[in-house]
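Colleague: Residues -25 to -1, 1 to 427 (mature numbering (1 follows the signal peptide of the UniProt record, and there is no 0)) make up the sequence shown, in order. Pasting in a structure now, in structure tokens, and then I'll have a few things to ask.
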Amino acid sequence: MKSRLPLLSVLALSISLAVIPTAQAALPLSAANDIRSLAPVVEKVSPGVVNISVSGNKVSRQALPEPFRFFFGPEMQGQQVQERPFQALGSGVIIDAKKGYVITNNHVISDADKILITLIDGQEYEAELIGSDKQSDIALLKVDAKDLVEIEFSDSDQLRVGDFAIAIGNPFGLGQTVTSGIISALGRSGLNVENLENFIQTDAAINSGNSGGALLDLEGKLVGINTAILGPNGGNIGIGFAIPANMVRSLIDQIIEFGEVRRGVLGVMGGELTSELARTFGYRSQHGAFVSQVLEGSSAAEAGLKAGDIIISLDGKAIRSFAELRAKVATMGADKTVTLGIFRDGKKQETKVTLAHSEDESLSADTLNEALEGATLAKTTAKDKVKGVKITEVAPRSPAARSGLEKNDVIIGVNRKRITDLNDLRKIIEAKPEVIALNIQRGQSSIYLVLR
């Protein structure tokens, strides 16, 4: 098993010298002195990249020795709970100047009680967390500020290995730093960073603190969000990874519209296409996603997919691997209709598929209300007897536990208003009513819990 890569927010110091050949012929011209330079692009976009500092308390749980468990009671579940203050640094990208939207990595702001954004001119603002997605490591913040500069999204599906790239971020907390390089590889996965992996690899120097920063093309458009590095002690060795802009845009659009990521599901199982598999099925490439099983009643089954199919494209864009297919499908969102290119029995064909909802969608309730902190919420499934928002986990001694919430409770109403999903719950709570009365279905009983 590969070891987990260091996330960029881990503070580490290393100094290295390298001689990097330049390809000046492809760089833009500076209008001032006709010298080939990245300065015009950097000057235009650098105000759109911000420094992020966060602080909060991390909860750690350690197993209690058996002789001491009696004294702490069953609510501790054999654990010792400790809170420790922390501070961390990262980067962010402004994507909407009017609304004040800033994107960063989820691991940058995870567990933070306070998020502070610093613009390039030194102005500081406290940011609000709008929503996040742990599996794809993306978070959306909002800041109340004027005269912001936004960075435009690029079509990351058009990237090619060898394209020039510019990285802007806040390495080691030094302040805004610009580095350059090329796109080294596309569709990287299996790095054990997060569950959904379809990374852009670059040799532009990226270090701890660059997390959430911008990876740009030579037009100054956003091609990715810098997320992880491969290197000892968190130092740069020329191998960095970024989340593609198209994935980021899809996730952010869902968070803005629904307040959460509504993950799409195709309904196939499979793996990477090896040379042996490709030869066995008469396919002359190793790029594609091999389907070993189609789940009964799934979107894929309804669209006519079969075991043994090789999925080679999604909406006309080539699919390199099963990991890339999984990441793209999951981040495109439920209920979206896509066109799959398939290789079957020596022929290429296309079929349309409407993605289903993921049954494992969940949301930490920490950002909704202080009294719900410590609870994990998820939408109910067909197995549940009622429709609403299910409590899948409640941390011991958390505010949610003290509020009376229990695992497997189903919230079916708030303030006498019926709710059926997480979005309904979010809308009511974010209106900040004076009292929140949760109508809970607990087993065969219906009860009310009042949060203040």
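Glycine included, C-beta positions come from ideal geometry on N, C-alpha and C.
From S388 to E172, what does the alpha carbon distance come to, in whole angstroms?
Modeller: Correcting the residue identity first, residue 388 is Gly in this sequence and not Ser. The alpha-carbon atoms of G388 and E172 are separated by roughly 36 Å.
Colleague: Are the CB atoms of I78 and G67 nearer to each other than 8 Å?
Modeller: Going by C-beta atoms, I78 is nearer than 8 Å to G67.
Colleague: Among G23, Q229 and H82, which one has its Cα closest to the Cα of L397?
Modeller: With distances taken between Cα atoms, L397 lies closest to Q229.
Colleague: Can you give the beta carbon distance from K354 to V369, rounded, assuming they're within the 8 Å contact cut?
Modeller: Contact doesn't hold; Cβ gap of about 17 Å is too wide.
Colleague: When we look at the beta-carbon of Q133 and count the other beta-carbons within 10 Å, is it buried (16 or more) or exposed?
Modeller: By the neighbour-count rule (16 or more Cβ atoms within 10 Å), Q133 is not buried but exposed.
Colleague: Quick check: I143 and L191, are their CB atoms within less than 8 Å of each other?
Modeller: Cβ atoms of I143 and L191: closer than 8 Å.
Colleague: Specify the secondary structure class of L104 as computed by DSSP and reduced to three states.
Modeller: Strand.
Colleague: In the DSSP output, what is S420 paired with across the bridge?
Modeller: Answer by DSSP bridge pairing, in chain order: R417.
Colleague: I need the boundaries of the alpha helix (DSSP H) containing T306, first residue and last residue.
Modeller: F297 to M307 is the extent of the alpha helix (DSSP H) around T306.
Colleague: The alpha helix (DSSP H) spanning L149 covers which residue range?
Modeller: Unbroken run through L149: none, as it is neither H nor E.
Colleague: Quick check on DSSP: helix, strand or coil for T79?
Modeller: In this structure, T79 counts as strand in the three-state DSSP scheme.
Colleague: Report the start-end ranges of each alpha helix (DSSP H) in the stretch 225 to 255 that is 4 residues or longer and not cut off at the edges.
Modeller: DSSP runs (the alpha helix (DSSP H)) wholly in the stretch 225 to 255: 250 to 255.
Colleague: Which of the three DSSP states is assigned to E271 in this structure?
Modeller: Coil at E271, not helix or strand.
Colleague: For V29, verify whether its CB is less than 7 Å away from any heavy atom of the ligand GDP.
Modeller: You won't find the ligand GDP in this model; it holds no ligand whatsoever.
Colleague: Measure the Cβ-Cβ separation of L13 and S131 and say whether it is below 8 Å.
Modeller: No, the Cβ-Cβ distance between L13 and S131 is not below 8 Å.
Colleague: Out of curiosity, what's the CA-to-CA distance linking G213 and L413?
Modeller: Rounded to whole angstroms, G213 to L413 spans 52 Å at the Cα level.
Colleague: Is the beta carbon of S373 sitting closer than 8 Å to the one on E348?
Modeller: Closer than 8 Å, so yes.
Colleague: What is the DSSP secondary structure of L397, counted as helix, strand or coil?
Modeller: Helix at L397.
Colleague: I'd like to know whether the C-beta atoms of K89 and G184 end up nearer to each other than 8 Å.
Modeller: No, the Cβ-Cβ distance between K89 and G184 is not below 8 Å.
Colleague: Which value, in whole angstroms, describes the spacing of the CA atoms of V328 and A302?
Modeller: When rounded, the distance between both Cα atoms is 16 Å.
Colleague: To the nearest whole angstrom, what separates the beta carbons of K19 and G75, a pair I think is in contact under 8 Å?
Modeller: Their Cβ separation, rounded to whole angstroms, is 20 Å, which puts K19 and G75 out of contact at 8 Å.
Colleague: Which partner residues of K323 appear in the DSSP bridge assignment?
Modeller: DSSP, once it has assigned bridges, lists F318 as partnering K323.
Colleague: Taking the straight line between their C-alpha atoms, what separation do you get for L315 and S267?
Modeller: Cα-Cα distance, rounded: 16 Å.
Colleague: Quick check on this structure: which residue in A120, E127 and E101 has the alpha carbon closest to the alpha carbon of I70?
Modeller: Among A120, E127 and E101, the Cα nearest to that of I70 is on E127.
Colleague: Can you tell me whether G137 is buried or exposed? The criterion is at least 16 other CB atoms within 10 Å of its CB, across all chains shown.
Modeller: By the neighbour-count rule (16 or more Cβ atoms within 10 Å), G137 is not buried but exposed.
Colleague: Name the one or two DSSP bridge partners that L115 has.
Modeller: DSSP, once it has assigned bridges, lists I78 and G106 as partnering L115.
Colleague: Would you mind sorting L149 into buried or exposed? The rule is 16 or more other CB atoms within 10 Å of its CB.
Modeller: When all chains shown are included, L149 counts as exposed.
Colleague: By Cβ distance, which residues of its chain are closer than 6 Å to A253, with the 5 residues on each side in sequence left out?
Modeller: If we look at A253 and ignore the five residues flanking it on each side, its Cβ neighbours are Q261.
Colleague: Quick one: Cα of G215 to Cα of G199, how far?
Modeller: Approximately 11 Å, taken between the alpha carbons.
Colleague: Taking the C-alpha atoms as reference points, what is the distance between K196 and K392?
Modeller: Going by the C-alpha atoms only, they are around 44 Å apart.
Colleague: For a cutoff of 8 Å on Cβ pairs, would you count A370 as touching chain D?
Modeller: Included in the structure is just one protein chain, with no chain D present.
Colleague: If you follow the alpha helix (DSSP H) that K358 is in, where does it begin and where does it stop?
Modeller: Element bounds for K358: n/a, residue is neither H nor E.
Colleague: Name the residue from G379, Q419 and D384 whose alpha carbon lies nearest to the alpha carbon of K425.
Modeller: Reading off the sequence, residue 425 comes out as Val, not Lys. The shortest Cα separation from V425 among G379, Q419 and D384 belongs to G379.
Colleague: What residues in its chain sit with their C-beta under 7 Å from that of A(-8), if we drop five residues either side in the sequence?
Modeller: In this prediction, A(-8) scores a pLDDT of 36, lower than 50, which makes its location untrustworthy; no coordinate-derived value is stated.
Colleague: With DSSP as the reference, label D88 as helix, strand or coil.
Modeller: Strand at D88.
Colleague: Just how far apart, CA to CA, sit N383 and P371?
Modeller: Cα to Cα, the separation comes out at about 15 Å.
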